[in-house]
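Enquirer: If you read the protein sequences in the order shown, they are chains A and B. The first sequence runs 1 to 476 under UniProt numbering. The second sequence runs 1 to 476 under UniProt numbering. Structure incoming, see below.
Protein chains: 2
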Amino acid sequence: MEVGYGSGEKTGFFTQGRRSLQALAVQFIVKMVDLASSIKKLGQDDPRRVIHSLKVGLAITLVSIICYHQPLYSNFDETAIWAIMTVVVVFEFSVGATLGKGLNRGLATLLAGGLSIGAHHLANLSGNIGEPILLGFFVFLQATISTFLRFFPEIKARYDYGLLIFILTFAMISVSGFRDDEILELAYRRLSTICIGGAACVIISIMIFPVWAGEDLHNLITLNIEKLGNFLEGFGDEYFNRTGDEEGNDGNKFSEGYKSSLNSKTSEGSLANFAAWEPGHGRFPFRHPWKLYLKVGTLARECAYRIEALNGYLNADFQESSEVSTVIQEACTNMSIESGKALKELALAIKTMVQPSSADSHIEKAKSAAKNMKSLLKSGIWEDIDLLKAIPGIAVGAILVDVVTCTEKIAESIHELASKAQFKSVEPPVSPENLPPEQIQSVKSAQMVNNHHVITVSESAPASPPVESSSVPKAS
Amino acid sequence: MEVGYGSGEKTGFFTQGRRSLQALAVQFIVKMVDLASSIKKLGQDDPRRVIHSLKVGLAITLVSIICYHQPLYSNFDETAIWAIMTVVVVFEFSVGATLGKGLNRGLATLLAGGLSIGAHHLANLSGNIGEPILLGFFVFLQATISTFLRFFPEIKARYDYGLLIFILTFAMISVSGFRDDEILELAYRRLSTICIGGAACVIISIMIFPVWAGEDLHNLITLNIEKLGNFLEGFGDEYFNRTGDEEGNDGNKFSEGYKSSLNSKTSEGSLANFAAWEPGHGRFPFRHPWKLYLKVGTLARECAYRIEALNGYLNADFQESSEVSTVIQEACTNMSIESGKALKELALAIKTMVQPSSADSHIEKAKSAAKNMKSLLKSGIWEDIDLLKAIPGIAVGAILVDVVTCTEKIAESIHELASKAQFKSVEPPVSPENLPPEQIQSVKSAQMVNNHHVITVSESAPASPPVESSSVPKAS
Chain A
1 MEVGYGSGEK
11 TGFFTQGRRS
21 LQALAVQFIV
31 KMVDLASSIK
41 KLGQDDPRRV
51 IHSLKVGLAI
61 TLVSIICYHQ
71 PLYSNFDETA
81 IWAIMTVVVV
91 FEFSVGATLG
101 KGLNRGLATL
111 LAGGLSIGAH
121 HLANLSGNIG
131 EPILLGFFVF
141 LQATISTFLR
151 FFPEIKARYD
161 YGLLIFILTF
171 AMISVSGFRD
181 DEILELAYRR
191 LSTICIGGAA
201 CVIISIMIFP
211 VWAGEDLHNL
221 ITLNIEKLGN
231 FLEGFGDEYF
241 NRTGDEEGND
251 GNKFSEGYKS
261 SLNSKTSEGS
271 LANFAAWEPG
281 HGRFPFRHPW
291 KLYLKVGTLA
301 RECAYRIEAL
311 NGYLNADFQE
321 SSEVSTVIQE
331 ACTNMSIESG
341 KALKELALAI
351 KTMVQPSSAD
361 SHIEKAKSAA
371 KNMKSLLKSG
381 IWEDIDLLKA
391 IPGIAVGAIL
401 VDVVTCTEKI
411 AESIHELASK
421 AQFKSVEPPV
431 SPENLPPEQI
441 QSVKSAQMVN
451 NHHVITVSES
461 APASPPVESS
471 SVPKAS
Chain B
1 MEVGYGSGEK
11 TGFFTQGRRS
21 LQALAVQFIV
31 KMVDLASSIK
41 KLGQDDPRRV
51 IHSLKVGLAI
61 TLVSIICYHQ
71 PLYSNFDETA
81 IWAIMTVVVV
91 FEFSVGATLG
101 KGLNRGLATL
111 LAGGLSIGAH
121 HLANLSGNIG
131 EPILLGFFVF
141 LQATISTFLR
151 FFPEIKARYD
161 YGLLIFILTF
171 AMISVSGFRD
181 DEILELAYRR
191 LSTICIGGAA
201 CVIISIMIFP
211 VWAGEDLHNL
221 ITLNIEKLGN
231 FLEGFGDEYF
241 NRTGDEEGND
251 GNKFSEGYKS
261 SLNSKTSEGS
271 LANFAAWEPG
281 HGRFPFRHPW
291 KLYLKVGTLA
301 RECAYRIEAL
311 NGYLNADFQE
321 SSEVSTVIQE
331 ACTNMSIESG
341 KALKELALAI
351 KTMVQPSSAD
361 SHIEKAKSAA
371 KNMKSLLKSG
381 IWEDIDLLKA
391 IPGIAVGAIL
401 VDVVTCTEKI
411 AESIHELASK
421 AQFKSVEPPV
431 SPENLPPEQI
441 QSVKSAQMVN
451 NHHVITVSES
461 APASPPVESS
471 SVPKAS
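If you want it as structure tokens, here you go:
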């Protein structure tokens, strides 16, 4: 496109106008491109968002079409309102949240419906003057009590939406000016439309690319621990290369991914709440111990606080003497690398749902490195060193000793999770209970081969695992 | 009450039954008492919860009564539904949240109403076969796009509810089988009932014991900083008394209140969002710089991470040599006490909304204590000390040096907040822009007084505070 005719000094009114219009257009295009790229990024970060949006569109369209053809009721408006509203409000990102809201909505409607019909009936008995007073009193009472109950943290976490719907339904039905039989009709209509909407949500949510909150929680915890591991694995080299070689100072933009776990408490909590509503899916049975993930998450967060402190030393411009570095480098690097590896093994164990025994050796190594660190400090080599310059190194060492302790605690909690959730064992395949009877014998021989023990197996006890010494994985 | 007749060995069937009934009754009573006490505690922790519950009850009852007497519409059901639903859904704990939801609901209904009438009209033109297809397409498109928009964090924070209502209203109106004029009537009814409900919420929320999210945010930040200060003020004594005197080890249940600020990021964020909806109230004008509170909160949280590390040393069973303690005790105690005092002064400055200059002297003292710490470590007194035992003390010292830096940053951010939010000055008044023109001259002379220390004060400025040196309060 040309810039205009008067390209010389004499810029006329129209030219100016055209130019500012062009500038505006360019600005607009730039903004649109920005918007498009941020939309694209949002979709690429988690493609399930796009799918979820399409699923919601589908559910609402389906329900709308059903309502549009009015196969069930004469009064379209009513039907459409409740069914569409249910879909819009109940359809959440994860299956657990959707199920939770749907059940809350259904049960609360049922309960409030029953109670409000009772209240309505009672009020009807008390005559023309008493009726509105009594009704008002009932509505006030239930709204006040239900609202107060919503402040209880446990109730808020799981039944907040149900209480909202309870207040709403109770008030609506008990205040409505209908006769008792009309109310029953109303209650029936509401409940059946809610069922249509709720069923559409739940079916579409589960059938089409389901998003399981439990799986998300599982992955979130895994990822957080993996990030901690990544940081620790890289930390030793990064820190001592930096202090040894000042040029590396700018390039320390390395793995700060651990920061996300500092503030993930809220999302972990809500995912665990949603997960509790979910039926068994994939590798996770119903009543999978989701609460234990929260425990692991809390311990990981405590480890992340230490790592935050370590990161401070990485970015600070301390004057570290290279003598100190040389002395403590090995112990520190070992502590950080080994606990990093242990955390990554633990993360992998959760991810693949196997017993986390492969991390144990790394933890042992990290602990012995911590011991080395302590004995180093006891030795006499420190006497000639300027202590001020030794501080950062010693502080880093002390924090790393702490990190090793944290890692141990995380490992313990993951062991607990693994046993409660019956993770697979990486050692010989055991768990005779899960096999058909004819295979039990062969598994038992396999166990014997693996453990190199000589034994006779009682044929009469097919369900009990063979009794062997220490390191046999327990048949969960 | 008696236990029963057969108190000997022969306990008959009835006696047993009675006993187990009594046991059940006792259990029930115990549970009830537990419940009652936890309800009481919930109310006592924040009495505004009780008031809020009563307010919600009042609003719903009022709107129900208005609907019950049907002064406005012939079709009661419709009216009641929308008005009561608006109250139940929109009435939130704080004024900001209520206003935000109310505005979201109103505007989204208006917008979706307009668009959906257009869509309905368009579909009407395309004949009997095309109509449902086109309508379905429109509904699908808007639901998908709106749902996707809800994933944008900025949109989710402020307009999530609006998008929900937009989807709902659009789908409902465009799918409804009404003629165009009926739709206008429907849209008008919906909008007016939403206005009734919304107005009831907003009026009751603001008029009766209002809960301002902005004030809550202000208090939360203040409290968090104060708690950090409390910990630090007590830390020095606690730590060195413990290490000096092992008996104190059990009694270190002291101020762990700082822990609440480790995880307050989410609530700070949502309070700031709600606060942005609120009109000016009390000491806070409209457009008070709420975002800056978040900045202060983030820095306070970083300080809290350090304090978490300090707390670890307080609870750990380190073998600290008393020699080390004696050497570093003074510097450490000074750092922690002075930064604690500085934080408490800063918290007080936010609380009373005055310039936080009173904290500056404490920060200076903390910084000089940090310097002392460093020079102590440079001195030769360490040569005879077992370094292993010195580690905890030195690590605590290093963390405290860090805490002093954090405190400085917090102070800077609060200075920024104080200047943006125009906190009262404890120093001489400046900022002529805020005064009426006739006073500017006198303020200018006042400034000159302060800057050049020679001058006569214009008598024509009765509103300006008397000019004195340093400690004149600023006319806010």
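Glycine included, each C-beta is placed from N, C-alpha and C at the ideal position.
Please classify N224/A as buried or exposed, where buried requires at least 16 neighbouring CB atoms within 10 angstroms.
Expert: N224/A comes out buried.
Enquirer: What are the boundary residues of the alpha helix (DSSP H) that includes L149/B?
Expert: It spans 127-149 - the alpha helix (DSSP H) in which L149/B sits, taken as one unbroken run.
Enquirer: Quick check on F13/A: buried or exposed, where buried means 16 or more other Cβ atoms within 10 Å of its Cβ?
Expert: Flag for F13/A reads exposed.
Enquirer: Would DSSP call H281/B helix, strand or coil?
Expert: Three-state DSSP puts H281/B in a strand.
Enquirer: Roughly how many whole angstroms lie between the Cα atoms of V30/B and A36/B?
Expert: Cα to Cα, the separation comes out at about 10 Å.
Enquirer: Can I168/A and V50/B be called in contact, C-beta distance under 8 Å?
Expert: Here the sequence assigns Leu to residue 168/A, which means Ile is not the residue at that position. In this structure, V50/B does not lie closer than 8 Å to L168/A by Cβ.
Enquirer: At the level of alpha carbons, what is the spacing between N273/B and V211/B?
Expert: Taking the straight line joining both Cα atoms gives about 15 Å.
Enquirer: Quickly, what does DSSP pair V354/B with across the bridge? List them, please.
Expert: DSSP, once it has assigned bridges, lists K424/B as partnering V354/B.
Enquirer: Do you know offhand how far S116/B's Cα is from V296/A's?
Expert: Cα to Cα, the separation comes out at about 49 Å.
Enquirer: With a threshold of 16 other CB atoms inside 10 Å of the CB of Q101/A, please say whether the residue is buried or exposed.
Expert: According to the sequence shown, residue 101/A is Lys rather than Gln. So K101/A counts as buried.
Enquirer: Are the beta-carbon atoms belonging to A304/B and P356/B less than 8 Å from one another?
Expert: No, Cβ-Cβ distance for A304/B and P356/B is not below 8 Å.
Enquirer: Under DSSP, the alpha helix (DSSP H) around E154/A begins and ends at which residues?
Expert: That run of the alpha helix (DSSP H) goes 153-175.
Enquirer: Across the segment 89-98 of chain B and the segment 260-278 of chain B, are there enough close Cβ pairs to call them in contact, namely three or more that are closer than 8 Å?
Expert: With a cut-off of 8 Å, the segment 260-278 of chain B and the segment 89-98 of chain B count as touching, because enough Cβ pairs lie within range.
Enquirer: Does any residue of chain B bring its CB to less than 8 Å from the CB of V88/A?
Expert: Yes, contact with chain B.
Enquirer: Answer with buried or exposed for G127/B, where buried requires no fewer than 16 other C-beta atoms within 10 angstroms of its C-beta.
Expert: Exposed: under 16 other Cβ atoms inside 10 Å.
Enquirer: Ends of the alpha helix (DSSP H) at N273/B?
Expert: Note, N273/B: alpha helix (DSSP H), 265-275.
Enquirer: Mind the definition here: the segment 195-208 of chain B touches the segment 57-67 of chain B only if three or more C-beta pairs lie below 8 Å; say whether that holds.
Expert: The segment 195-208 of chain B vs the segment 57-67 of chain B: in contact.
Enquirer: Give a yes or no on whether 8 Å exceeds the smallest Cβ distance from S260/A to chain B.
Expert: No, because no Cβ of chain B sits closer than 8 Å to the Cβ of S260/A.
Enquirer: Between the segment 147-155 of chain A and the segment 38-50 of chain B, do at least 3 Cβ pairs fall closer than 8 Å?
Expert: Output reads yes: the segment 38-50 of chain B touches the segment 147-155 of chain A.
Enquirer: Can the beta-carbon of L346/B be found closer than 8 Å to that of W290/B?
Expert: In this structure, W290/B does not lie closer than 8 Å to L346/B by Cβ.
Enquirer: With 16 as the cutoff for other CB atoms within 10 Å, does L292/B come out buried or exposed?
Expert: L292/B comes out buried.
Enquirer: With C-beta atoms as the reference, is S361/B less than 8 Å away from L232/B?
Expert: No, the pair does not count as a contact, with Cβ atoms beyond the cut-off.
Enquirer: Against S53/A, what residues of chain B qualify as contacts under a CB-to-CB distance less than 7 Å, listed in chain order?
Expert: Those are T144, T147, F148, listed as they occur along chain B.
Enquirer: Hey, how far is the Cα of F152/B from the Cα of C195/A?
Expert: Those two C-alpha atoms are separated by around 30 Å.
Enquirer: Given 7 Å as the limit, tell me if L58/B has its C-beta closer than that to any heavy atom belonging to the ligand GTP.
Expert: Only the bare structure without any ligand can be found here, which leaves the ligand GTP out of the picture.
Enquirer: If we call anything under 8 Å between Cβ atoms a contact, is A366/B one with V327/B?
Expert: No, they are not a contact pair.
Enquirer: Use the C-beta contact count for M207/A: other C-beta atoms within 10 angstroms, 16 or more gives buried, fewer gives exposed.
Expert: With fewer than 16 other Cβ atoms within 10 Å, it is exposed.
Enquirer: What does K367/B touch in chain A if you count any residue whose Cβ is under 7 Å from its own?
Expert: None at all; the shortest Cβ gap to chain A is about 16 Å.
Enquirer: Just the Cα atoms here: how many angstroms apart are A213/B and N263/B?
Expert: Cα to Cα, the separation comes out at about 18 Å.
Enquirer: Taking the alpha carbon of A421/A as the reference point, which residue from K351/A, H121/A, L122/A, G106/A has its own alpha carbon closest?
Expert: Cα-wise, what sits closest to A421/A is K351/A.
Enquirer: Once DSSP output is grouped into helix, strand and coil, what is the label at G198/B?
Expert: Of the three classes helix, strand and coil, the one that applies to G198/B here is helix, per DSSP.
Enquirer: With a threshold of 8 Å between beta carbons, is V175/A in contact with chain B?
Expert: Yes, its Cβ sits closer than 8 Å to a Cβ of chain B.
Enquirer: Which word fits Q16/B, buried or exposed, when buried means at least 16 other C-beta atoms lie within 10 angstroms of its C-beta?
Expert: The residue is exposed, with fewer than 16 neighbouring Cβ atoms inside 10 Å.
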